[in-house]
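Position one of the sequence shown corresponds to residue 282 (this note's numbering), numbered consecutively onward. For glycine and all other residues, C-beta sits at the position ideal for the given N, C-alpha and C. Notes to accompany the following structure.
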Amino acid sequence: MTSNDLPTKQAKTRILFVDDEEDVLAGLRTGLRRARKRFDCEFAVGGAKALELLDEHPFDVIVSDMRMPGMNGVELLTRVSEEHPDVVRIVLSGEAGSDLLIQALHITHQWLSKPCSSEAVIAALDNAVRYRSLLRSSDMLESVMGLDTLPSPPHLYERVIECATSPNASADDIAALVIADPAITAKVLQLANSAFASGGHVSDLQSAIVRIGIENLSRLVLVAGLLETWTPDVQIPGMSTEACLDLAHTAAAEAAKLAGPDIAAEATIASLLHPVGLILMATAVPERLEEVVQHAQDHSIDVVAAGRTLHGIDHALLAGNLLSVWGLPSDIVLAVVNSVEHPMDADPTSLDDVVRVAVRSAQAQLAEQIDPALLFAPLSEDLAA
């Protein structure tokens, strides 16, 4: 699937907004009128009413305040994650950086800070459901949407904590550690493009870390488990944990060499994130990943073709859904989704082609450590096709 194949029109998205202040809900209702052809919005005063509506009708997204009497946002979104795991959970709050918001990290996909323009709210909603219509044709949506973080190797946790809590730590120091792991990179970018700071999307790690703040990053890692342990039972068939991380890091290095200065940051990040879909399947639906890999081996095809044959989607699309829900910049998300497609040029200039070529170059370098079913067609074959 290429960027030209991505859905531009989707069924009307059902959004539930929750706040304890009628005036806030009234303002949202007014601001969202321009999007009424795309969104079917309902408004609940308080968490109890929100849960009642969720039990009565299906929703695609819930957007909740944090500090509410009776049932706060953490309690509400925890209930939603347990009872309606396929619903995208977004916080719209003025509580950025507070203990209450930090408590919500495990069960929240995106954060928007009050005051927030209607344009920013609409953009976040559009991004959150970009791939949803395609995933609805598969039965993996609930499992994927129930996953808030990706696993990461445990040794890196201690190193990042040590660096982040050092009084002399800089954004460059932390970025050098973070970029070694695609799961951590994704989460840091998710947080940077959230309520922890204002401004447009950021794509490079140094800017993301500066935006979050080293102190906040340290607290987030400690309290929210930003770096989850990659447990022994989370395995990608045909590729070790070390090989997966080597593949991500090698692809990022190749992209940095290939890309022009205008897209170098985006190409590096997207290449680093390209195996996220495999990690996601190994975490959320491991039996499906085993089935896909086995099908690829049995029919001498790669996992992309096998995934599309068995489930109508591939692992890159699953990654795109999660990264899009997390609010990562759309050009990076599209490059990850399109990383499995054939490059159009061996001397690439576009972001998508840089990532495609970088991934294949990394696979060629590490081919002996990876099952053939997980390898895409070699670059020469791609361009000859």
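Close Cβ partners of residue i (< 7 Å) along its chain, the five nearest in sequence each way excluded
i      : result
Val584 : Val573, Val574, Ala577, His596, Ala654 and Leu655
Ser611 : Asn408
Met352 : Gly327, Gly328 and Ala329
Gly519 : Val574, Ile651, Asp652, Ala654 and Leu655
Ser484 : Ala546, Glu547, Ile550, Pro610 and Ile613
Leu486 : Ala456, Val459, Ile460, Thr466 and Val469
Met625 : Asp634
Arg370 : Ile343, Leu358, Val361, Ser362, Ile388, Thr389 and His390
His482 : Asn474 and Pro610
Assigned secondary structure, residue i (DSSP; H/G/I helix, E/B strand, else coil)
i      : result
Ser345 : strand
Cys322 : strand
Ile550 : helix
Asp543 : coil
Ser605 : helix
Ile594 : coil
Ala461 : coil
Met562 : helix
Met282 : Unreliable positioning characterises Met282 in this predicted model, as indicated by a pLDDT of 45, which lies under 50. The coordinate reading is nonetheless provided below. Looking at Met282 - three-state DSSP - the assignment turns out to be coil, as it is neither helix nor strand.
Met352 : coil
Leu427 : In the sequence as displayed, the identity of residue 427 is Gly instead of Leu. Of the three classes helix, strand and coil, the one that applies to Gly427 here is coil, per DSSP.
Thr531 : helix
Ala658 : coil
Gly494 : coil
Ile582 : coil
Pro448 : coil
Pro339 : coil
Ala478 : Here Ala478 scores only 48 on pLDDT, less than 50, and its place in the model should not be relied on; the value that follows carries that caveat. Correct three-state label for Ala478: coil.
Glu622 : coil
Pro567 : helix
Thr359 : helix
Ala409 : helix
His576 : helix
His237 : In the structure displayed, the chain extends from 282 to 666; residue 237 sits before or after that span and is not available.
Leu472 : helix
Ala404 : helix
Val636 : helix
Asp612 : helix
His555 : coil
Ala600 : helix
Val267 : Given that the chain is displayed from residue 282 to residue 666, the structure contains no residue 267 and the question cannot be resolved.
Leu313 : coil
Asp454 : helix
Ser488 : helix
Gly506 : Its pLDDT being 45, under 50, Gly506 is placed unreliably by the model, and the measurement read from it follows with that caveat. If DSSP states are grouped into helix, strand and coil, Gly506 belongs with coil.
Residue j beta carbon less than 8 Å from that of residue i
i      : j      : result
Leu609 : Asn449 : no
Val491 : Ala445 : no
Thr359 : Ile403 : no
Leu570 : Ala563 : yes
Ile544 : Leu632 : yes
Leu234 : Glu323 : With the chain covering only 282 through 666, there is no way to say anything about residue 234.
Met421 : Val566 : yes
Asp367 : Glu423 : yes
Val640 : Pro629 : no
Asn602 : Val425 : yes
6 Å CB neighbourhood of residue i in its chain, flanking five on each side removed
i      : result
Ala551 : Ile613, Ala616, Val617 and Val636
Val299 : Ala325, Ala331 and Ser345
Ala643 : Leu528, Thr531, Ala532 and Glu535
Ala540 : Ala548 and Val635
Ser488 : none
Val305 : none
Ala658 : none
Gly312 : Ser399
Ser362 : Ile388
Leu287 : Here the model assigns Leu287 a pLDDT of 46, short of 50, so the residue's position is not dependable, and the following value carries that caveat. Contacts found: none.
Strand pairing of residue i, partner residues [DSSP]
i      : result
Leu393 : Leu373
Arg295 : Asp321
Met520 : Ile517 and Ile651
Asp300 : Val326
Any C-beta of chain C under 8 Å from that of residue i
i      : result
Asp633 : The chain labelled as chain C is not found in the depicted structure, where only one protein chain is given.
Other residues of its chain near residue i: CB distance less than 8 Å, five sequence neighbours each side excluded
i      : result
Thr294 : Arg319, Phe320, Asp321, Asp341, Val342, Leu406, Val410 and Arg413
Ala587 : Val573, Val574, His576, Ala577, His580 and Ala654
Val372 : Val344, Ser345, Asp346, Met347, Gly354, Leu358, Leu382, Ala385, Thr389, Gln391, Trp392, Leu393 and Ala476
Cys525 : Ile517, Pro556, Leu559 and Ile560
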